[in-house]
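A short worksheet on the structure shown next.
In this note's numbering, the protein residues as written are 123 to 251.
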């Protein structure tokens, strides 16, 4: 295996899209496809946190905020009950009107999760993880 042309010590696994240098994982920026030399010469810098992680954190924060708001609304309204999905089995507990509707919604959501999981598994056939 070739050695990194920037640091000279680690094995080179990537090729810079600008200069064609073979570089290691430490001297390669996957977001831009450039080596550290080309990245610094263009005035760009490496992303500290990749965009995918930022989107995941934003999604988690939105879901957590929604959960807190729903919890506070249920406390204020005096409603007791809910649905817990321990993949793939939904458990529904409710003490009031609409329990059957909540159970049906939980089952539909669980079914959708199973379908998405199966589609995802099929898309990974032949992919080495």
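By construction, the Cβ of each residue, glycine as well, lies at the ideal position given by its N, Cα and C atoms. All values reported here derive from a predicted model rather than from experimental measurement.
Residue range of the alpha helix (DSSP H) that residue i falls in?
| i | result |
| --- | --- |
| residue 221 | 221-245 |
| residue 159 | 158-163 |
Residue i: which of the options sits nearest, CA to CA?
| i | options | result |
| --- | --- | --- |
| residue 151 | 138, 222, 183 | 138 |
| residue 168 | 147, 185, 180 | 147 |
| residue 132 | 155, 149, 141, 239 | 149 |
| residue 161 | 239, 142, 197 | 142 |
I'd like to know whether the C-beta atoms of residue i and residue j end up nearer to each other than 8 angstroms.
| i | j | result |
| --- | --- | --- |
| residue 159 | residue 125 | no |
Taking just the CA atoms, how far does residue j sit from residue i?
| i | j | result |
| --- | --- | --- |
| residue 123 | residue 165 | 30 angstroms |
| residue 237 | residue 220 | 26 angstroms |
| residue 185 | residue 192 | 10 angstroms |
| residue 182 | residue 190 | 12 angstroms |
| residue 226 | residue 134 | 54 angstroms |
| residue 228 | residue 199 | 21 angstroms |
| residue 194 | residue 187 | 11 angstroms |
| residue 145 | residue 234 | 43 angstroms |
| residue 157 | residue 247 | 32 angstroms |
| residue 230 | residue 224 | 10 angstroms |
| residue 163 | residue 175 | 27 angstroms |
| residue 242 | residue 136 | 27 angstroms |
| residue 245 | residue 197 | 42 angstroms |
| residue 153 | residue 130 | 23 angstroms |
| residue 155 | residue 177 | 21 angstroms |
| residue 232 | residue 240 | 12 angstroms |
| residue 179 | residue 222 | 33 angstroms |
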